[in-house]
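Before any comments, here is the structure.
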Amino acid sequence: MNAAWAQNAPTGRFATLDPIFQKAVQEGKTPGAVAAIGQAGQTLWKGVFGNRALVPHKEPMTWDTLFDMASLTKVLITAPAIMQLYERGLVKLDEPVSTYLPAFAANGKQAITVRLLLTHYSGLAPDLDLSTPWHGKEAAVQRVMDARPVNPPGERFVYSDINFITLGLIVEKLSGLSLDVYATQNILQPLGLSRTFFLPDSALHDAIAPTQYDEQNQLLRGVVHDPTTRRMDGVAGHAGLFSCADDMLTYAHALLARRAGLPSAFPLRPETLVLMSTPQQPAGKSDLRGLGWDIATHYSSPRGEHFPANSFGHTGFTGTSLWLVPDKETFVLILTNRVHPDGKGNVIALRKDVATAAALALQTS
1 MNAAWAQNAP TGRFATLDPI FQKAVQEGKT PGAVAAIGQA GQTLWKGVFG
51 NRALVPHKEP MTWDTLFDMA SLTKVLITAP AIMQLYERGL VKLDEPVSTY
101 LPAFAANGKQ AITVRLLLTH YSGLAPDLDL STPWHGKEAA VQRVMDARPV
151 NPPGERFVYS DINFITLGLI VEKLSGLSLD VYATQNILQP LGLSRTFFLP
201 DSALHDAIAP TQYDEQNQLL RGVVHDPTTR RMDGVAGHAG LFSCADDMLT
251 YAHALLARRA GLPSAFPLRP ETLVLMSTPQ QPAGKSDLRG LGWDIATHYS
301 SPRGEHFPAN SFGHTGFTGT SLWLVPDKET FVLILTNRVH PDGKGNVIAL
351 RKDVATAAAL ALQTS
């Protein structure tokens, strides 16, 4: 048995979870994992499995490991930042994006609204073109402004990093702050999250779970995995955040408590969080998205088989996921670096199986 598994406390009704993680590690689906289940302000189960690094040498996974959160950046930072501006009356959901970023209207994008960006119904392509060499934030901004829709706005759900790059630019334009500074001052500090940030300090290198080798054959560790964010120097609306399990537990508990109208440090109103986590996509569309959060699309496997239809969540490409159930203020957090070291790991089944087992275990409580 891997020594890291011995860190896990006796699980009782959650005993079904450990073998699911152990099997994923043994089968090479991920080097390791840190996971937790919370409900009603309490953390009911924690697990630490496998290794955080396999190369250049093995390092055991630890509870305090920092992870590249990848696309969880979208819902942890960028969407709440936009909704803070919405609460202040600075952003309107159904206003054209070009109201805030005039150059965005180019090439047929004048009908794209903030809501369409948040729900991924903008019609924009999934990502900026990386087939040609470009670098720097200004180069990315120019490509966003020059982008052409691949579908009519509002027609169909296409998950797009460009949507959240654009939302990050709106935050920066209206706040006068870079996205990382805005996030620190308005989201992370109010929640007391001291180990969540863009651009991790080099002193944290050894505590960070590495991901893959970059184009220069350098192992990415403390440098964002997402290639577009890397070209943008590590800060973007769609990826770039690093965090750890303790901070994510604080975030998830605070979000669910505030959403339920209970005392909480979460820096949004309850009704705003309800908006963010209930269907907001164009009328008549079957892919259900909140304002940032996923509700029912082909990305929703972290719901598992038994969590209710009103639950919501998000995943990150590196192997991170958070799924939340508002009814009982319940959530499942899974942090992995499944792309380490060769990009071949896969935690889709792990997320689904863990959520299914967790829901069954919670029903027995």
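Residue numbering for the sequence shown follows UniProt numbering, beginning at 1 and increasing consecutively.
We put the CB at the ideal spot given by N, CA and C, even for glycine.
All values derive from a computational prediction rather than experimental measurement.
Separation of residue j from residue i, as counted between CA atoms
i, j, result
"ALA4", "VAL25", "Low per-residue confidence applies at ALA4: pLDDT is 41, beneath 50, and the placement is therefore not dependable, though the value from the model is reported in the following sentence. Spanning the two alpha carbons is a distance of roughly 12 Å."
"GLN363", "TYR159", "33 Å"
"LYS74", "GLY343", "22 Å"
"SER300", "LEU291", "15 Å"
"GLN280", "ALA15", "37 Å"
"HIS334", "MET248", "The residue asked about is misnamed: residue 334 is Ile in this sequence, not His. For ILE334 and MET248, the distance between alpha carbons rounds to 10 Å."
"SER202", "ASP68", "14 Å"
"LEU350", "ALA103", "43 Å"
"ASP180", "GLY240", "9 Å"
"ALA257", "LEU76", "16 Å"
"ALA40", "TRP134", "47 Å"
"ASP18", "THR119", "35 Å"
"GLY47", "ALA36", "6 Å"
Simplified DSSP state of residue i, which is helix, strand or coil
i, result
"SER98", "helix"
"ASN2", "Per-residue confidence for ASN2 stands at a pLDDT of 40, beneath the threshold of 50, marking its modelled position as unreliable; the derived number appears in the next sentence. Three-state DSSP puts ASN2 in coil, outside helix and strand."
"GLY12", "helix"
"LEU76", "helix"
"PRO60", "strand"
"ASP223", "According to the sequence provided, residue 223 is Val. The question's Asp does not apply to it. Here VAL223 sits in coil by DSSP."
"TYR213", "strand"
"ASN310", "coil"
"SER321", "strand"
"ILE37", "strand"
Cβ neighbours of residue i in the same chain (closer than 8 Å, five flanking residues each side left out)
i, result
"LEU128", "ALA140, ARG143, VAL144, ALA147, ASP161, ILE162, ILE165, THR228"
When the options are compared against residue i, the one with the closest alpha-carbon
i, options, result
"PHE49", "ALA359, ARG338, LYS344", "ARG338"
"GLY261", "GLY313, THR250, PRO326", "PRO326"
"GLY108", "LEU268, ASP201, PRO149", "PRO149"
"PHE242", "LEU249, PHE197, MET232", "PHE197"
"HIS57", "LEU199, PRO210, LEU177, LEU72", "PRO210"
"VAL34", "LEU322, LYS328, ALA349, THR330", "LEU322"
"MET61", "HIS238, THR336, ASN346, VAL347", "THR336"
Cut-off 7 Å between Cβ atoms - residues of its own chain near residue i, not counting five sequence neighbours on either side
i, result
"GLY154", "LEU116, TYR121, PRO282"
"HIS306", "THR356, ALA359, LEU360"
"ASP294", "SER300, PHE312, GLY313, HIS314"
"residue 366", "One cannot answer for residue 366 here, as it falls past the ends of the chain, which runs 1 to 365."
"ARG221", "HIS205, ILE208, PRO210"
"MET83", "LEU268, THR272, MET276, LEU291"
Beta-carbon proximity check, residue i vs residue j, cutoff 9 Å
i, j, result
"residue 423", "ALA70", "Since the first residue shown for the chain is 1 and the last is 365, residue 423 is missing from the structure and cannot be characterised."
"MET232", "PRO80", "no"
"LEU174", "VAL114", "no"
"TYR213", "LEU204", "no"
"LYS352", "PRO302", "yes"
Nonlocal neighbours in the same chain, by C-beta distance under 6 Å from residue i, ignoring five residues either side
i, result
"VAL55", "PRO341"
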